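According to UniProt numbering, the residues represented by the sequence shown are 1 to 204, in order. Glycine residues also receive a C-beta, built at the ideal position from the N, C-alpha and C atoms. Computed from a predicted model, the values in this text were never measured in an experiment.
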Amino acid sequence: MHPWVAILGFLLLLADGVTSYREVIGVVGQSVTLPCFYEGKVTSTCWGQGKCSWIDCRNTIISTDGYKITKQKNERYKLKGDIGKRDVSLTIENAVPSDSGLYCCHIQKWLFNDKQSIIKLTIKPAPPMTTVSPNITSESTSTSTTNIPRTTYTTPPPMNTTIPEGNSTTTAVTDTHLTTGASTSALPKPTPTDDVKPGKQLCF
Numbered sequence: 001m002h003p004w005v006a007i008l009g010f011l012l013l014l015a016d017g018v019t020s021y022r023e024v025i026g027v028v029g030q031s032v033t034l035p036c037f038y039e040g041k042v043t044s045t046c047w048g049q050g051k052c053s054w055i056d057c058r059n060t061i062i063s064t065d066g067y068k069i070t071k072q073k074n075e076r077y078k079l080k081g082d083i084g085k086r087d088v089s090l091t092i093e094n095a096v097p098s099d100s101g102l103y104c105c106h107i108q109k110w111l112f113n114d115k116q117s118i119i120k121l122t123i124k125p126a127p128p129m130t131t132v133s134p135n136i137t138s139e140s141t142s143t144s145t146t147n148i149p150r151t152t153y154t155t156p157p158p159m160n161t162t163i164p165e166g167n168s169t170t171t172a173v174t175d176t177h178l179t180t181g182a183s184t185s186a187l188p189k190p191t192p193t194d195d196v197k198p199g200k201q202l203c204f
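Structure below.
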């Protein structure tokens, strides 16, 4: 077989190994998951930062033997899927801007025919927090005060008038009511009667 045919076949095997190239967007401070699944026999897998290599992961951050994790570079890197059921999706917790870049999921099948999945991760800043101020409605209550005038009634003591008649003395009681308020009226003074004799003193 011509050497060029062997080289061409080798390149086709490598091209067949790279099955996907997709982009994933994450947010600073949150978790982001890079999906990776495979079919067939359970086998060892690994995740690396950067481009995929032909036979293994570059800058390996986490790897498995097909059933459990065998290497973990940082606790932020997790495999939360069922590894035994061929779910080796990578979860990066508390993402930071420096996590952006290429990641390679490498499924080891046989020499020069491993399955590889390349993912480009972009970590964006967290959106600004929006603060909503509550609407405060103030109600003003007006109070009107009405001044009602008061009328005070004052009753003075009765006036005694002594009118002597012959040998007896007659005392006349005059009841005078004074009203204070908007208007005050005085009762007229009593007029001496004909019974009052001249020269006699009239006391009020």
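{"Query": "Rounded Cβ spacing between isoleucine 107 and aspartate 99 (contact assumed at less than 8 Å)", "Result": "Not quite, the Cβ-Cβ distance comes to about 22 Å (not below 8 Å), so this is no contact."}
{"Query": "Which of helix, strand or coil DSSP assigns to serine 140", "Result": "Because the pLDDT at serine 140 is just 49, under 50, the model does not fix this residue reliably, and the point stays unresolved."}
{"Query": "Contact belief for tryptophan 47 with cysteine 104 at Cβ below 8 Å, rounded distance in angstroms", "Result": "7 Å"}
{"Query": "C-beta contact flag for lysine 51 and leucine 121 at 8 Å", "Result": "no"}
{"Query": "Residue interval of the beta strand (DSSP E) (run including tyrosine 38)", "Result": "Tyrosine 38 -> no beta strand (DSSP E), and no H or E assigned at all."}
{"Query": "Bridge partners - isoleucine 83, DSSP secondary structure assignment", "Result": "According to DSSP, which records beta bridges pairwise, isoleucine 83 is partnered with nothing at all."}
{"Query": "Segment contact, 8 Å Cβ cut-off, at least three pairs: the stretch 68-75 with the stretch 22-36", "Result": "no"}
{"Query": "Under 8 Å between C-beta atoms of threonine 33 and leucine 79", "Result": "no"}
{"Query": "For isoleucine 92 and threonine 60, the rounded distance between their alpha carbons", "Result": "14 Å"}
{"Query": "C-alpha gap between lysine 85 and glycine 66, whole angstroms", "Result": "9 Å"}
{"Query": "Beta-carbon proximity list for threonine 64, same chain, < 8 Å, skipping 5 on both sides", "Result": "Ser44, Thr45, Cys46, Thr70, Leu79, Ile83, Val88"}
{"Query": "Span separating the alpha-carbon of valine 96 from that of lysine 124", "Result": "9 Å"}
{"Query": "Rounded C-alpha distance that separates cysteine 57 from threonine 130", "Result": "42 Å"}
{"Query": "Cut-off 8 Å between Cβ atoms - residues of its own chain near asparagine 74, not counting five sequence neighbours on either side", "Result": "Ile61"}
{"Query": "Cα-Cα separation between tyrosine 21 and isoleucine 119, rounded to whole angstroms", "Result": "6 Å"}
{"Query": "Same chain, Cβ closer than 7 Å to tyrosine 77, five either side skipped, listed in chain order", "Result": "Ile61, Ile62, Leu90, Ile92"}
{"Query": "Where the beta strand (DSSP E) containing isoleucine 123 begins and where it ends", "Result": "115-124"}
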